[in-house]
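What follows is a set of notes on a single structure, which appears directly below.
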Amino acid sequence: MLTAIPWSLYYGDADSPAILVSAAITVAVGFLLFRYTRLEHELRVREGFAVVSFAWLLFSLFGSLPFLLSGAVPSFTDAFFETMSGFTTTGASILNDIEALPHGVLFWRSMTHWIGGMGIIVLSLAILPILGVGGMQLYKAEVAGPTADKLTPRIRETAKILWSLYVALTAMETVLLLLGGMSLFDALCTSFGTIASGGFSPRNASIAHYQSDYIDWVVIVFMVAAGTNFALHYRFASGNFFSYLKNREFHVFVASIAIATVLVTIDAWAYYDEKLPAIRDSLFTVVSLHTSTGFGLANYELWSGHAQWVLLLIMIIGGSAGSTSGGLKVVRLYLVAKHISNEFVRVLHPNAVIPVRIHGVSVSREIMSHVLGYFAIYVLAIFTGTFLVTSTGLDWTSSLSAVVSTLGGVGPGMGTVGPFDNYSHLTAIAKWVLALCMLLGRLEFLSFLILFSPAYWRS
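If you count the sequence shown from 1, position 263 lands on 1057 in my numbering, and the numbers rise without skipping.
Written as C-alpha cells, this is what we have:
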C-alpha cells in the first residue's frame, strides 16, 4: 500500500495522507492478530480452507480504505466492489472516470491486481491441489515430490519459484511497454493488469487509449503468457524448452484461441474497412476474454450476435489451470469432453474399459467426479446469480454476462456492462451478489462454501 505514496507525491496529488492512514490501520490490525492469535507451524487442511477464504475477504476489506479515506469512492459498497474486483483479478469497475482518480489511489488500484495474482498462482499450484478442490489433485505433482520434473516441495519454496517468474514476466512487459512510448506509471499499471489477468487500466479507454499496434501485440503476448500454466513457464526457464509442446491443456488452449479468433473475425470483418485491424482487434478481444484479463481494444458489442455468443463461451471456459486466469479452466472442459466422448463409446461397446487420460496419465474416478461436480456447481452458480441480479431490475443479457464475467474473473460483460461501460449503475444488492461471485469463482467455490458446513467446524 505504501508503494502508492511516491506516485502521489510525484504527481502532486493530495491522496498520500489517506493512503498512509490506510496502511497504518492495516498494519495495526495485522499486528494485533499476530500478537494475540496462536501460531501453528504446520497448516492442516481444515485451516487451509479458512486461511484461503478469509484472506481474500480481509484483503478486500482493508484494501478498500484508500478509496474511502481519499474520497475517490465515497460508498463502502462501491469501494469494496472495486477492491474485491482487484484482488480477485476480475477487473469489473464502478468508476465512471478512471483518469480523475489521484495517482496514488490509481496505482494502489492496479497493485491490488498484482498482489491478487501472486496469491492466485500459489493458490492454483500449491494449495488447491493439496486441498483437493475441483479436481485440481491433477496438479498435486506440480508442487510436490523429489523428482527433477516437479516443482520444489513445500508451499513456501513453491511460492518463491512462482513469484520469481511472476516478477520476471512483469518486468519484461514493463520494459517492452516503455519501449513503445508508455510512461513508467502507465507501463507498470498495465503490466500489473496483464500478468495478473486482471484488466484494470489507468485509462478510461483501456488499451485503446494508446492507439499503438506495438502495444496491442505486446499485451496480447503477455495475456497469453499469464493465461498459461506457470508450471510450464518454470520448466521452460529450467531448460525444458519443449514443455509447452508436450502439454495437452496448452494445445487445447491455443487451439481454442485460434478457432474463436477465426469465428469472431468472420463476423467482425463487416464492421471494418481494412482486414488487418479486424484480425488484430478480434484476436486481442478473444485473448483478453479467454484469459479473463478484460482489457478493452474494440467495442465488441457493435459486432454481430454470433460473435458475442462465441465471446461469452470463451469467458466461461477461461484460461489454463495454474495460471492467473479465471473461468472453468481449459483442463476441466477437456476432461468433461473426453468423459462424454467415452460415454458415447460405451453405449456402443458396453464392456469397453476406456479411461479418461491426459498427459499420458489415466484420471481416477474420484478426480473425474470432482471435475464433474465442479462443472455442475459452476453452471448452477451462473443460473442462480443471473436470477438474483435480474431480480434487481437489470436486463437479462446484462445480468447473464455480468455473472459469467464476475464468476470467471473477466471484468467486462455485455449489454449495460460492456467493454466500455461499467457497473456503477447497478443496485447495491446486485453489486454485493457480483462481489460474492468474484470471490466464489476465484476460490473455486468449494474452498469457500465448505466453511458453511457444520461438519467442517466439528472436525
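Idealized CB from N, CA, C, for every residue including glycine.
Check: Tell me which same chain residues have a C-beta within less than 7 Å of the C-beta of V1081, skipping the five on either side of it?
Finding: Same-chain partners within the cutoff: I1014, M1017, V1018, I1051.
Item checked: Beta-carbon gap between N1023 and A953 smaller than 8 Å -> A953 sits away from N1023, with the two beta carbons spaced by 8 Å or more.
Notebook entry, point to check: Given a threshold of 16 other Cβ atoms within 10 Å of its Cβ, counted over all protein chains shown, does F1078 qualify as buried or as exposed?
Noted result: Buried: at least 16 other Cβ atoms inside 10 Å.
Item checked: Of the listed residues A818, W1011, T968, I909, nearest to P1071 (C-alpha basis) -> The option with the nearest alpha carbon to P1071 is W1011.
Check: Near V1125, which residues of its chain fall below 6 Å by C-beta distance, leaving aside the five closest residues on each side in sequence?
Finding: Counting only residues of its own chain and dropping the five nearest sequence neighbours on each side, V1125 has a CB closer than 6 Å to the CB of E1043, A1115.
Check: Ordered along the chain, which non-local residues of its own chain (more than five positions away) have a Cβ less than 6 Å from that of F1169?
Finding: So the qualifying residues of the chain are V1130.
Item checked: Whole-angstrom distance between I915 and G939, CA atom to CA atom -> Residue confidence for G939 is low, a pLDDT of 34 falling below 50, so the modelled location carries little weight; the figure read from the coordinates is stated next. Taking the straight line from one Cα to the other gives about 18 Å.
Next item on the list: State whether the region 1084-1101 contacts the region 1053-1062, with contact taken as three or more CB pairs (one from each stretch) at a distance under 8 Å.
Entry: Touching, yes, given that three or more Cβ pairs across the two stretches are closer than 8 Å.
Notebook entry, point to check: I think T883 touches A990, with their Cβ atoms under 8 Å apart; what is that distance to the nearest whole Å?
Noted result: Correct: roughly 5 Å between the Cβ atoms.
Check: Y1172: which of L1234, W1226, A1229 sits nearest, CA to CA?
Finding: Ranking L1234, W1226, A1229 by Cα distance to Y1172 puts L1234 first.
Checklist line | Between the CA atoms of S1158 and Q1102 - distance to the nearest angstrom | finding: Distance between the alpha carbons of Q1102 and S1158: 36 Å.
Next item on the list: Name the residue from Y1038, S1086, T1118 whose alpha carbon lies nearest to the alpha carbon of I1111.
Entry: Measuring from the Cα of I1111, the nearest candidate turns out to be S1086.
Check: In its own chain, which residues sit with a C-beta less than 7 Å from the C-beta of A1002, not counting the 5 before and 5 after it?
Finding: These residues qualify, in order along the chain: G1090, L1091.
Next item on the list: Please report the residue range of the alpha helix (DSSP H) in which P982 lies.
Entry: Strictly speaking, residue 982 in this sequence is Leu, with Pro absent from that position. It spans 978-989 - the alpha helix (DSSP H) in which L982 sits, taken as one unbroken run.
Next item on the list: Could you spell out where the alpha helix (DSSP H) holding V823 opens and where it closes?
Entry: Here the alpha helix (DSSP H) through V823 covers 810-830.
Notebook entry, point to check: So, are the CB atoms of F986 and S904 less than 8 Å apart?
Noted result: Cβ atoms of F986 and S904: closer than 8 Å.
Checklist line | Residue interval of the alpha helix (DSSP H) (run including V1165) | finding: Annotation: the continuous alpha helix (DSSP H) that includes V1165 extends over 1159-1184.
Next item on the list: Measure the alpha-carbon distance for G1179 versus S1076 and round it to whole angstroms.
Entry: Their Cα atoms are separated by approximately 28 Å.
Next item on the list: Could you tell me which residues DSSP puts in a beta bridge with S1156?
Entry: Bridge partners of S1156: R1151.
Notebook entry, point to check: Hey, Y1008 and G974: beta-carbon distance below 8 Å or not?
Noted result: Closer than 8 Å, so yes.
Next item on the list: Compute every distance between the C-beta of R1074 and the non-hydrogen atoms of the ligand ADP, then say whether any falls below 7 Å.
Entry: Absence of the ligand ADP is noted for the structure shown, with no ligands found whatsoever.
Next item on the list: Keeping to the same chain, check which residues put their C-beta closer than 8 Å to that of L932; ignore five residues upstream and five downstream.
Entry: The predicted position of L932 is uncertain, since its pLDDT is 47 and thus under 50; a value taken from the coordinates is nonetheless stated next. For L932, the CB contacts under 8 Å within the same chain, skipping 5 residues up- and downstream, are P923, A1115, V1125, I1152, V1157, I1161 in chain order.
Note to self: Can you give me the C-alpha to C-alpha distance between N1136 and I1176, rounded to a whole angstrom?
What the structure shows: Each residue's Cα considered, the two are about 27 Å apart.
Next item on the list: Kindly list the residues whose CB is nearer than 6 Å to the CB of G992, restricted to its own chain and excluding five residues on each side of it in sequence; keep chain order.
Entry: Take G992, set aside five residues on each side of it, and the residues of its chain with a beta-carbon closer than 6 Å to its own are T883, G885, H907, in chain order.
Margin query: Can you look up R1236 in the DSSP assignment and give me helix, strand or coil?
Written below: Reduced to three states, the DSSP call for R1236 is helix.
Notebook entry, point to check: Taking buried to mean at least 16 other C-beta atoms within 10 Å of its own C-beta, is G1187 buried or exposed?
Noted result: Burial call: exposed.
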